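For the record, the sequence lines run as chains A and B. According to this note's numbering, the residues represented by the first sequence are 1 to 595, in order. According to this note's numbering, the residues represented by the second sequence are 1 to 363, in order. Even for Gly, the Cβ is constructed at its ideal location relative to N, Cα and C. Keep in mind the model is a prediction, meaning the values are calculated, not measured. Shown next, in structure tokens, is the structure this report addresses.
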Amino acid sequence: MTETLTANGFKLDTGGKRVVVDPICRIEGHLRIEVNLDSDNVIRNAVSTGTMWRGLEVILKGRDPRDAWAFVERICGVCTGVHALTSVRAVEDALGIKIPENANHIRNLMMLAQYTQDHLVHFYHLHALDWVDVVSALSADPKATSALQQSISSWSKSSPGYFRDVQARLKRFVESGQLGPFANAYWGSPAYKLPAEANLMAVTHYLEALDFQREIVKIHTVFGGRNPHPNWVVGGMPCSFSLNETGGINMEWLNLVSSIIDRSIEFIDKVYIPDLKAIASFYPEWTTYGGGLSSTNLLSYGDFPKVANDWSQENMHMPGGAIINGDLSKVHEVDVRDPEQVQEFVTHSWYKYPDESKGLHPWDGMTEPNFELGPNTKGSKTDIQEIDENAKYSFVKAPRWRGHAMEVGPLARYVVAYVRGDEEIKAQVDGLLSDLGLPLTALFSTLGRTAARGLECSWAAHKMRFVFDSMMANLKAGDTATSNMDLWEPKTWPKDVKGVGMVEAPRGSLGHWVHIKDTKIASYQAIVPTTWNASPRDAAGNIGAYEAALLGTPMANPEQPLEILRTVHSFDPCLACATHVIAPDGQELVSVKVR
Amino acid sequence: MGIQKTFYEAMREHGITRRSFLKFCSLTAAGLGLAPEFAGTIAHALETKPRTPVIWLHGLECTCCTESFIRSGHPLAADVVLSMISLDYDDTLMAAAGHQAEEILEQTIEKYDGNFILACEGNPPLNEDGMYCFQGGKPYVEKLRRMASHCKAIIAWGSCASWGCVQAAHPNPTRAVPIHKVITDKPIIKVPGCPPIAEVMTGVIAYMLTFDRFPELDRQGRPKMFYSQRNHDKCYRRAHFDAGQFVERFDDEGARKGYCLYKMGCKGPTTYNACSTIEWNGGLSWPVKSGHGCLGCSEDNFWDRGSFYSAVNDLNVPGGIESTADKIGGVLAGAAAIGVAAHAAASVISHSRNNTKGGSSHD
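As structure tokens, then:
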């Protein structure tokens, strides 16, 4: 029989038709998904393969820890800055550096701006086309589109003429025969359920959001000098306030930041959230598909410290913790320093451990690449047609919390904060569910994940206002410091120290573990949100979050992988982040063949 | 093959008036550093040419180039994608996936053999038979070679495609190499930076569409109009360098007065880029303006040139720029003279660097 039960309770059936989707587009990096379908075209087995590996952490060995943020920032240019912030936090933790309040405010502002821009771009440019039929928008009635727009939002761009112009532009684009990024897609599929007017409205906002996202990131440009890849510094922020001098951040720039915050709140609350609700209301079945691990195992480290240098959950704007085995009555505290809690397995990953039945805590972690395919692979080493998931099958490792496969990301954060009783988050979630007439369990689904991201985008935009006002109050009270340079010089550092930095990145829980010896990096290790979510199986056979979420979903047409895209995109994959190398203490990377 | 619209027709259809179109052409001419009479040339070109197909591939990278590209304010990324070029393949943005996506590559070769632009973000790793980056089950380098052999010209976006960038930093475990190491028979324009400035990216595209050739390139294959001067040359803090006024610590008195970041490790004196002139995100700021030194991210192998916080001392200037700057800091009276001397020497070097062989344009 081809049927098996996984350690984490999912039934797999490797019989039936195998469907391969490679590349999964509209994500960051390179990902391959293979599924088995039963005779009703329902997904009964899912295999997630990360298909790239860059080896950044080994590159960090022996470097100045103050430089590390710039290297690891290049892990990802989509969620830009998140690795840099995690890195400066890890180094500050190792060296015992306390940052000024303003630096904490600025870092919070920059991360909140990142959430706002990243979630917005994900929804409209990476995810919307899974739900929105661009071609159907051509047959919309602009007047009815205007009426629809005005019925769901007070957004000012809503006249029939406006939608007529957008539609005309779209029509001529399609008629040109050069469809560009919209070519060869799944337009007209019965899986698309929106009326033409909703499609036209969403396509219009696709263009508006592409324009508006440029504004949000200017918050990074003010404080970090540019975006993507703004600048950071160990000990605080590199920018200075110059309220009475010429040369730093002055009232003009502060006003710009304030105005961007206001415009972001307006755009998210008047465009993104109403669109999200409108689209969701046409896809009720997607509140039952795609749940995977979300109803059982969720992880969030918590982030956005209200006061600098206090890492207790009580001090977090977004409090964290872990939920396991579906027990929503309890949030477990997470200690990333505890060797028994966070561990990574490579049993099914293209790396080598001395004993692959065991996981390793990042402090003790190691990575030696080991690209080998299983005996049941179809094709060859350089032309893989079907992968053998019983062997090694991904460049993504399998991180586990106390042995459990976990889901991370906006939905995990929202459920954890909801269970902890956070009032803002509770009000948002309850409001959305009541608007859509859905039970709490609807969250544990593909649409639940997508909705949590939207709510969090609004949360982040509003939280920027709060943080900005707190920063201004601090400036008014006379504190203008942005950096603490007391321990800048390496000669002031201890000989041998370890540190951990944690960030709740847009895609979920991110941790960097650094070991500094004789003022240089001895080892550097990262466990990244997409490593959790895109994880392959582990030694015990637990499947990862993507794999679990795909199970049980019926495909309308196996030739058109829309359903797979919907669920995988609901996680917002970031594969450049997920695939990294961990260098063990004192050990050089081996098996690098030069051809 | 469908009816190909010219850029002008496409803009007109999108409700843009002829007057606005001509204004766009003037702004583009100005943005490219061209004399006003070139606005007419640009207008003529855009009126008569169909949208050029662009295939945008992603190898080992972090997607910061794509993110930067969509930040472009003039022209807007949406206008580039919908009206100027035909972005027929870009796995970060395209609606299709899997074999529907990959089919587009073969269709492009069939329809536009020798007539499409290949835009490369990221680079191919060569170790493990190229399998440290695979797409559709095959090594990325194969896809790159196949598309390159049929394209008209290649744009190497960013420092990954131009130089190798972070994954190629020592010890380069995947043996990631820049595009020109694997493609040697096609014209390549390098647009380095990690990432490049958005308007530099769209400016290069607009130039190529307008003049149907690469802009003039320096010896290293970079467009001279954006990469022929060092960030230091036009830095708004330059007067403080010349006056010997330096930031000594982040957020010190000098930092608040906007003094020079040279002693904080700024790589502006050795970095050829347009950050200090075009600036970032709509001309709002750039790293030095917001208080951090330049990392030198558009330079070859900038990751392996010492700490980002060590002052530049590898310029071949008598006595070294570092000793010069220290002297300047100590002896204010002699500052201007020494600064000028140091820069005269450095300028000679940069001049010879850029013009030894003259620019080679790949028409």
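- Legend: CB atoms of the region 2-28 of chain A lying less than 9 Å from CB atoms of chain B belong to residues V19, V20, V21, D22, P23, I24, C25, R26, I27 and E28.
- Here A:T530 is buried. Its C-beta has 16 or more other C-beta atoms within 10 Å.
- Secondary structure note for A:I564: its alpha helix (DSSP H) is the uninterrupted segment L562 to S570.
- Chain A places no beta carbon closer than 8 Å to that of B:P187, leaving this residue out of the contacts.
- When DSSP states are grouped into helix, strand and coil, A:W401 belongs to the strand group.
- Contact note: A:C457 does not reach chain B at a C-beta cutoff of 8 Å; the least C-beta distance is about 17 Å.
- Shown in chain order are the members of the region 40-71 of chain A whose Cβ falls below 7 Å from a Cβ of chain B: T51, M52, W53, R54, G55, L56, V58, I59, D64, R66, D67, A70 and F71.
- In the three-state scheme derived from DSSP, where H, G and I count as helix and E and B as strand, A:P558 is classed as coil.
- Close to B:H180, with beta-carbon spacing below 7 Å, lies no residue of chain A; the smallest spacing is near 18 Å.
- Taking every protein chain shown into account, the CB of A:F282 has fewer than 16 other CB atoms within 10 angstroms, so this residue is exposed.
- For the region 260-281 of chain A, the set of residues with a beta-carbon nearer than 7 Å to any beta-carbon of chain B is empty.
- Scanning chain A for C-beta atoms nearer than 8 Å to the C-beta of B:V80 yields nothing, as the closest lies near 10 Å away.
- Exclusion of the five residues before and after A:S445 leaves W286, T287, T288, Y289, G290 and G291 as the residues of its chain whose Cβ lies within less than 7 Å of its Cβ.
- Taking one beta carbon from each stretch, the region 512-527 of chain A and the region 52-60 of chain A have 3 or more pairs nearer than 8 Å; the two touch.
- Taking a Cβ-Cβ cut-off of 7 Å, B:K143 has no neighbours in chain A, whose nearest Cβ is about 10 Å from it.
- In the DSSP assignment, B:Y272 forms a beta bridge with B:R230.
- The contact set of B:D218 on chain A, defined by CB atoms closer than 7 Å, is empty, because the minimum CB distance reaches about 23 Å.
- If the five residues before and after B:D252 are omitted, its C-beta is found closer than 6 Å to no C-beta atom of its own chain.
- Inclusion of A:F267 and A:I106 in the CB contact set at 8 Å is not warranted, their separation being larger than that value.
- About 18 Å separates the beta carbons of B:I155 and B:I109, which is beyond the 8 Å limit, so they are not a contact pair.
- Its chain contains P65, A94 and V497 as the residues whose beta carbon lies nearer than 6 Å to that of A:I516, once the 5 sequence neighbours on both sides are disregarded; these appear in chain order.
- The closest CA to that of A:I260, considering only A:R214, A:L12 and A:G326, is found on A:R214.
- Under the Cβ criterion (8 Å, minimum of three pairs), the region 200-212 of chain B does not count as touching the region 176-186 of chain B.
- Per DSSP, reduced to three states, the secondary structure at A:C574 is strand.
- Under the Cβ distance rule, A:P228 counts among the residues neighbouring chain B, one pair being separated by less than 8 Å.
- When C-beta distances to chain A are compared with 9 Å, the residues of the region 82-106 of chain B below that value are L82, S83, I85, S86, L87, D88, Y89, D90, D91, T92, L93, M94, A95, A96, A97, G98, H99, Q100, A101, E102, E103 and I104, in chain order.
- Its chain contains N297 and H404 as the residues whose beta carbon lies nearer than 6 Å to that of A:I324, once the 5 sequence neighbours on both sides are disregarded; these appear in chain order.
- The Cβ neighbour count for A:R226, taken over all protein chains shown within 10 Å, is at least 16; the residue is labelled buried.
- DSSP places B:V182 in the uninterrupted alpha helix (DSSP H) bounded by I179 to V182.
- Where A:Y162 is concerned, the enclosing alpha helix (DSSP H) starts and stops at P160 to E175.
- Here the C-alpha atom of A:V514 lies approximately 7 Å from the C-alpha atom of A:I521.
- DSSP, reduced to helix, strand and coil, places B:F134 within a strand of the structure shown.
- Taken through DSSP and simplified to helix, strand or coil, A:V500 comes out as strand.
- DSSP, read as helix, strand or coil, puts A:G374 in coil.
- The shortest CA-to-CA distance from A:K270 to any of A:G16, A:R420 and A:W155 is the one to A:W155.
- Secondary structure at B:G98: helix, using DSSP grouped into helix, strand and coil.
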